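Just so we're aligned, residue 1 is where the sequence shown starts under my numbering, counting upward by one. Remarks on the structure that follows.
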Amino acid sequence: MPRVVLVTGTGTGVGKTVTTAALAAALHGRGLTVGVVKPTQTGVAEGEPGDVEEIRRLIGDDAAVRTHELVRLRDPLAPDTAARLEGVDLPRVEAVAESVKDLARDVDVLLVEGAGGLLVRLDGAGGTLADLGTCLHEAGVTVGYLVVAAAELGTLNHTALTAEALASRGLPLLGVVIGSWPQQPGLAEEQNLVDLPAVAQAPLVGRLPAGAAALSPSDFRDAAPSWWHPDLLPAVDRSGPPVAPKPWIQGNKSAGAG
């Protein structure tokens, strides 16, 4: 069965989209066909670029990733809230799971970028990205989650809560990714490199430098593999062994990643 990676975050604005693009670029660099699905895009009007367009812009190679946006809503709110205000009936997560399963058949790895955090309501029945993963797993699809976290003070509690919600549902957490690592980290950021894996009970598998989204597409593609734990890509790549990443702190802790 295809492998599906669900990218969630500890909240809004932590870097899910640039992280999804970086993982797609790194996997494409390994020779894989990669797809990206955004089940619900909010806060973007018709004709404006959304997250999947941003991913294509960052990578700069339309052949590198196949992108799909399933639903678009105007207001910058949680999907269920935005749909209610707009009078739109969102598809249930069970239906979204069927679409994701179908799209995953055409690629080696399919990335699913969630909206906001793990338990944000994606439909009128209260379905979440956690429920989407459960539906896929029950359908026989191999799934794993990446949690994108902030670097600064306060991230430990948010990350621990997200990891606990996954664990309570029996959903596999591949690891934690810092979505924006500052060029000059402070004491809290430095210590969070050590503490995030402990509170999440999962490895730190990636660290993107602040400003990564401003790189040229060629520089972004070239740098993206260096932002990831060396064991993560083989673990996601079905052609490689399912290796559990070892403890890792990328490069010099006081330097920007990449």
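Cβ atoms here follow ideal geometry from the backbone N, Cα and C, with glycine treated the same way. All values derive from a computational prediction rather than experimental measurement.
Item                                                                                                                                                                        : Value
Less than 6 angstroms between C-beta atoms, sequence neighbours within five positions excluded: which residues of the same chain meet that for Ala212?                      : Val18
Using 7 angstroms as the threshold, is the C-beta distance between Ala202 and Val177 below it?                                                                              : no
Would you list the one or two residues that DSSP bridges to Val52?                                                                                                          : Answer by DSSP bridge pairing: none, since Val52 is not bridged.
Quick check: Glu113 and Thr20, are their CB atoms within less than 7 angstroms of each other?                                                                               : yes
According to the neighbour-count rule (16 or more other Cβ atoms, all chains shown, within 10 Å of its Cβ), is Val194 buried or exposed?                                    : exposed
Alpha helix (DSSP H) containing Gln191: first to last residue?                                                                                                              : Leu187 to Ala200
With DSSP as the reference, label His229 as helix, strand or coil.                                                                                                          : coil
How many Å lie between Ala63 and Val148 at the Cα?                                                                                                                          : 26 angstroms
Taking the alpha carbon of Asp115 as the reference point, which residue from Leu103, Arg72, His137 and Ala125 has its own alpha carbon closest?                             : A small correction: the amino acid at residue 115 is Ala; Asp does not occupy that position in the sequence shown. Residue Arg72 is the option with its Cα nearest to Ala115.
Locate the alpha helix (DSSP H) running through Thr19, then write down its first and last residues.                                                                         : Lys16 to Gly29
State yes or no: is the beta carbon of Thr40 nearer than 7 angstroms to at least one beta carbon in chain C?                                                                : No chain C appears in this structure, which consists of one protein chain only.
My guess is that Ser180 and Ala210 are in contact by the Cβ rule of under 8 angstroms, so how many angstroms apart are they, rounded?                                       : 5 angstroms
Nearest-angstrom Cα distance between Leu150 and Leu132?                                                                                                                     : The question names Leu, yet the displayed sequence has Ala at residue 150. Roughly 24 angstroms between the two C-alpha positions.
For Gly116, which three-state DSSP category applies?                                                                                                                        : strand
I'd like the list of long-range same chain contacts for Thr162, defined as Cβ closer than 6 angstroms, with 5 residues on each side in sequence excluded.                   : Thr10, Leu118 and Val147
Looking at Leu90 and Asp123, is the spacing between their C-beta atoms short of 7 angstroms?                                                                                : yes
Between which two residues does the alpha helix (DSSP H) harbouring Leu136 extend?                                                                                          : Leu129 to Glu138
Please list, in chain order, all residues of the same chain as Thr159 whose beta carbon is under 8 angstroms from its beta carbon, the five residues on each side excluded. : Thr10, Val147, Ala149, Val176, Leu196, Val199 and Ala200
So, for Leu58: in the same chain, excluding its five sequence neighbours on each side, which residues have a beta-carbon less than 6 angstroms away from its beta-carbon?   : Ala21 and Phe220
Could you give the distance in angstroms between the alpha-carbon of Val100 and the alpha-carbon of Ala188?                                                                 : 38 angstroms
Please report how far the alpha carbon of Arg92 lies from the alpha carbon of Ala223, in whole angstroms.                                                                   : 37 angstroms
What first and last residue would you give for the beta strand (DSSP E) that runs through Glu69?                                                                            : Val65 to Leu73
Can you find the residues in the same chain that come closer than 7 angstroms, C-beta to C-beta, to Val44, ignoring five residues on each side of it along the sequence?    : Gly50 and Arg72
Tell me which residue opens and which closes the alpha helix (DSSP H) that Arg3 is part of.                                                                                 : That residue, Arg3, is in no alpha helix (DSSP H); its beta strand (DSSP E) goes Arg3 to Gly9.
Determine the burial state of Leu85: buried for a count of at least 16 other Cβ atoms within 10 Å of its Cβ, exposed for fewer.                                             : exposed
Nearer than 6 angstroms: is that true of the beta carbon of Leu196 relative to any heavy atom of the ligand FAD?                                                            : This structure lacks the ligand FAD; in fact it carries no ligand of any kind.
Quick check on the burial criterion: 16 or more other C-beta atoms within 10 angstroms. Buried or exposed for Leu153?                                                       : exposed
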